[in-house]
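*Asks:*
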Amino acid sequence: MKINGAQMVCEAIIAEGVKTVFGYPGGAIMNVYDEIYKQDGFEHILNRHEQASVHAADGYARATGEVGVAMVTSGPGFTNAVTGLATAYMDSIPLVVISGQVPLAFIGTDGFQEIDAVGISRPCTKHNYLVRELSDLPRILKEAFYIARSGRPGPVLVDIPKDITAEFGEFIYPTEVEIPTYKPSCKGNNRQIKKAVEAILEAKKPLLYIGGGTVLSNASVDVKEFAKITQIPAVETLMARGVMGHSNPLLLGMLGMHGNYSSNMAMSETDLVISLGARFDDRVTGKLSEFAKYAKVIHVDIDPANIGKLVDVDYPIVGDIKNVVESLIAQIKDRVDTAKYEDWRNILDNYNNLHPQSYQDSDEIIKPQWAIERIGKLVGEDAIITSDVGQHQMWAAQHYPFDRARQWINSGGLGTMGFGFPAALGAKKGCPEKTVINITGDGSILMNMQELVTASEYKIPVINLILNNNYLGMVRQWQTFFYEKRYSSTDLSYQPNFKALAESCGGIGYDVTTKEEFDNAIKDAIKQDRVAFINVSINRLENVLPMVPAGGALYNMILEHKD
Amino acid sequence: MENIRRVISVIVMNESSVLARVTALFAGRGYNINSLTVAPIPDSNFSHITISTKGDKRTIEQITKQLHKLIPVLKVTEHDEMVEKEMVLVKFSANESLADISALCGAYNGGIVNVGPDIVITMVADEPVRIKHYLEAIKRFSPVEVVRGGVVAIER
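Line by line, the protein sequences give chains V and H. Quick note: the first sequence uses our numbering, first residue 1, plus one each step. Quick note: the second sequence uses our numbering, first residue 564, plus one each step.
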């Protein structure tokens, strides 16, 4: 039986097991929307902006580990989606984004809503396709899903001209993918792994440096097991929060610009960095020449281009973290002497006692760190926490008691404000049994606040916890520290009535100024089947500390700031 | 780190926009392209791109790794054991000494390929470093126009 290209798109989405698609229709993608209307194999969520659609698909992917799917039209529909693609690309999130395109004959004529989507998205997708023949469409769709989820995951764009979605042809969805030029290596070279094991056994001060690749590889259990067997202390990057579990005695905390003292000191003094799916981002390393200065480096990564990109690596291992860590465990478990690292662990414990992650609480006003710790106590393991970008994101990463991988969802690489709310909608669709809370700020939340309507229409009850300091807080903090308090365009005192805003869109709003109100609002919002804005007044000038100034050495941390 | 010159051979699937993927990668990551040539490989679905570039050791390594990450790239070869050739076409005024020009081109694996009423066109093909010498040497004949073909290379 012959079906049209639009139906092929739907059939492929169903065949890939996707339950929820996020999108926004328009001229060039209408054929596909017509088929979406007729089918019942997946649900379509109409976001109120294409950027939100891609972030929602992204949140769905991060929460479930499955490929997220978003659908947009040509021209502005596509350009609105670009920030979403770039966000997913920087954090290696598997997405398939389908965009409509003007009919083939109009390509290159500056047609209505025409834009070179593959040209624009080339640097922010893992791969992209412009479909030129209907007969290519089934193969391209199959490849798109395969490329998105295999190797180092990433977003894939499939741009489909309108006449191709209208055209009829035979549809056989391929079962196998055969791309002669794409063969990601997953296993890890055994000789390299052996050498790495010897290096670990020789080291006196080894340190596990755990990155987001560990989450993507679903290797949390294995990494915890490796740490337990070897008793090697660990630090997590922003993207890896939750992998070790907050109560794990081997976990020092998060490292980097807003890492805690013992984590950054550990990295500065270690003699062997065991990097698992981390990429030595500048927000992690600070001044490169001082980063892990005394250490040899084992770097395990599925992307060879990450290895040796920024630091010299002594033991490169290209492979999937899960596979490689399993091999490491098998080879080291009968040989390791955990007592050997005891002095090292003691040194780090002392550092932690010297400057623990802390803050000055207050009885007069809610401190953001208190608010985050409090939600941790109230919902803890049951929640998925998404966040936007800024101070609230760092406080959440520092203070929330994350227990598992995929519990923490944030835009780490691109740092996209406006990510958190739509990502929360995606996470909730993917994991409906979880309480989903977006920890956000009064700056970020406005960047995708139209999603209140989406959340209300589809009854997706996520909670937005707005830590409101009437500032674009992180930029304000840099202005305080580095620009002599010239608060250029960071005072956000002019703002909406958040409670009324939520309620006008069918949600529920809370204004919170005391700890008691805070508890009541959280408890009440969890019981609601409606989207919530909890507007929490926090002290205006709280800073995120410790802080390593950009380009500084990790061991030079600002631990306190006094005016 | 010191900048080195390298010729990188890239075998890619012969499909639309693959060259754009390669050049966009260089532009986006700030890598240098001295010359670039591309042509299909006979009797296959692949094309051969030869890129002459320079950068420090880490950059060259990144270039090869990033190229390899592109989905339509089959193979990336980068080392100094390459036979390299570059072709140059040069236009001279017919008033110059044709015998001298012909002898010079002969020394660089070429000769006069076209003669018109006012101009002569020469072609030479040689190693990149010798092409540099050739371009120095022809200055005395006041070349009207020079078109370089870019480096092509093949593994030894």
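Every residue, glycine too, gets a C-beta built ideally from N, C-alpha and C.
Mapping DSSP to helix, strand and coil, what is Pro180/V?
*Replies:* Note: Pro180/V maps to coil in three-state DSSP.
*Asks:* Measuring only the C-alpha atoms, how far is Thr513/V from Asn556/V?
*Replies:* Each residue's alpha carbon lies about 35 Å from the other.
*Asks:* Under 8 Å by Cβ, that's how I've got Gly188/V and Glu624/H pegged, so tell me the actual separation to the nearest angstrom.
*Replies:* About 20 Å; that fails the 8 Å criterion.
*Asks:* Does the Cβ of Tyr33/V have 16 or more other Cβ atoms within 10 Å, making it buried, or fewer, making it exposed?
*Replies:* When all chains shown are included, Tyr33/V counts as buried.
*Asks:* Put Leu208/V into one of helix, strand or coil per three-state DSSP.
*Replies:* Here Leu208/V sits in strand by DSSP.
*Asks:* Please determine, among Met474/V, Ser275/V, Thr435/V, Ser327/V, the residue with the shortest C-alpha to C-alpha distance to Ser489/V.
*Replies:* Taking only the C-alpha atoms, the option nearest Ser489/V is Met474/V.
*Asks:* Straight-line CA distance for Gln369/V to Leu472/V?
*Replies:* Approximately 17 Å, taken between the alpha carbons.
*Asks:* Are at least three pairs of beta-carbons, each pair with one atom in the region 429 to 441 of chain V and one in the region 385 to 392 of chain V, less than 8 Å apart?
*Replies:* Taking 8 Å as the limit for Cβ pairs, the verdict is that the region 385 to 392 of chain V does touch the region 429 to 441 of chain V.
*Asks:* Just to confirm my understanding: we take Ala52/V, look at its own chain, exclude 5 residues before and 5 after, and list those with CB closer than 6 Å. What are they?
*Replies:* Cβ within range, chain order: Pro422, Asn448, Glu451.
*Asks:* Using a Cβ-Cβ cut-off of less than 7 Å, list which residues of the region 125 to 156 of chain V approach chain H; keep chain order.
*Replies:* Residues His127, Ile147.
*Asks:* Give, in chain order, every residue of the region 596 to 626 of chain H whose Cβ lies closer than 8 Å to some Cβ of chain V.
*Replies:* Residues Arg621, Glu624, Gln625.
*Asks:* Looking at the C-beta of Val300/V, does it have a partner C-beta in chain H at a distance below 8 Å?
*Replies:* No, no contact with chain H.
*Asks:* In chain order, which beta strand (DSSP E) runs of at least 3 residues are fully inside the region 608 to 646 of chain H?
*Replies:* List check, beta strand (DSSP E) in window: 609 to 618, 636 to 641.
*Asks:* Would you kindly work out how many angstroms separate the C-alpha atoms of Gln231/V and Asn128/V, rounded to a whole number?
*Replies:* Their backbone Cα atoms lie some 44 Å apart in a straight line.
*Asks:* Under 8 Å, with one C-beta from each stretch per pair, do the region 416 to 430 of chain V and the region 51 to 65 of chain V reach the 3-pair mark?
*Replies:* Segments in contact, yes.
*Asks:* Does DSSP put Lys562/V in a helix, in a strand, or in coil?
*Replies:* In this structure, Lys562/V counts as coil in the three-state DSSP scheme.
*Asks:* Between which two residues does the alpha helix (DSSP H) holding Thr64/V run?
*Replies:* Where Thr64/V is concerned, the enclosing alpha helix (DSSP H) stretches over 50 to 64.
*Asks:* Let me know the beta strand (DSSP E) ranges lying completely inside the region 298 to 342 of chain V, each 3 residues or longer, listed in chain order.
*Replies:* Counting only runs of 3 or more, we get 315 to 318.
*Asks:* With H, G and I counted as helix, E and B as strand and the rest as coil, what does DSSP make of Arg530/V?
*Replies:* It is coil, neither helix nor strand.
*Asks:* Is the distance from the Cβ of Pro174/V to the Cβ of Lys142/V below 8 Å?
*Replies:* The answer is yes: Cβ separation under 8 Å.
*Asks:* Taking DSSP as the reference, what is the three-state secondary structure of Met576/H?
*Replies:* Residue state, collapsed to three classes: strand.
*Asks:* Give the interface partners of Ala305/V over in chain H, defined as CB-CB distance under 7 Å, in chain order.
*Replies:* In chain order: Gln625, Lys628, Gln629, Lys632.
*Asks:* What residues match up with Glu236/V in a beta bridge as DSSP calls it?
*Replies:* Looking at the DSSP assignment, Glu236/V forms a beta bridge with Ile210/V, Met254/V.
*Asks:* Does DSSP put Ala657/H in a helix, in a strand, or in coil?
*Replies:* It is coil, neither helix nor strand.
*Asks:* Give me the chain H residues within the contact set of Arg122/V, using Cβ-Cβ distance strictly less than 9 Å, ordered along the chain.
*Replies:* Under the 9 Å cutoff, chain H gives Ser580, Ala583, Arg584, Ala587, Leu588, Gly591.
*Asks:* Does chain V have any CB closer than 8 Å to the CB of Met576/H?
*Replies:* Met576/H counts as touching chain V.
*Asks:* Check whether the region 657 to 668 of chain H and the region 593 to 606 of chain H touch, using three or more Cβ-Cβ pairs below 8 Å as the test.
*Replies:* At 8 Å Cβ cutoff, the stretches do not touch.
*Asks:* Assuming Pro422/V is part of the alpha helix (DSSP H), what are its boundary residues?
*Replies:* Looking at the DSSP string, the run of the alpha helix (DSSP H) that includes Pro422/V is 420 to 430.
*Asks:* Is it the case that the Cβ atoms of Gly380/V and Asp403/V are separated by a distance below 8 Å?
*Replies:* Yes, they are a contact pair.
*Asks:* Apart from the five residues just before and just after Leu85/V, which ones in its own chain have a Cβ nearer than 7 Å to its Cβ?
*Replies:* Excluding residues within five positions, the ones whose Cβ falls inside 7 Å are Val54, Val97, Ser121, Cys124, Thr125, Pro155, Leu157.
*Asks:* Do you know how far the Cα of Leu492/V is from the Cα of Arg486/V?
*Replies:* One C-alpha to the other measures close to 14 Å.
*Asks:* May I ask you to list the residues that DSSP assigns as paired with Arg568/H?
*Replies:* Bridge partners of Arg568/H: Lys617/H.
*Asks:* Would you list the one or two residues that DSSP bridges to Arg711/H?
*Replies:* Bridge partners of Arg711/H: Val651/H.
*Asks:* What does a CB cutoff of less than 6 Å around Asp681/H pick up in its chain, not counting 5 residues either side in sequence?
*Replies:* These residues qualify, in order along the chain: Ala657.
*Asks:* If you follow the alpha helix (DSSP H) that Lys566/V is in, where does it begin and where does it stop?
*Replies:* Here chain V has residues from 1 to 563 only, and residue 566/V is not among them.
*Asks:* Quick one: what's got a C-beta closer than 7 Å to Val324/V's C-beta in the same chain, skipping five residues either side?
*Replies:* If we look at Val324/V and ignore the five residues flanking it on each side, its Cβ neighbours are Gly188, Ile193, Val300, Ile317.
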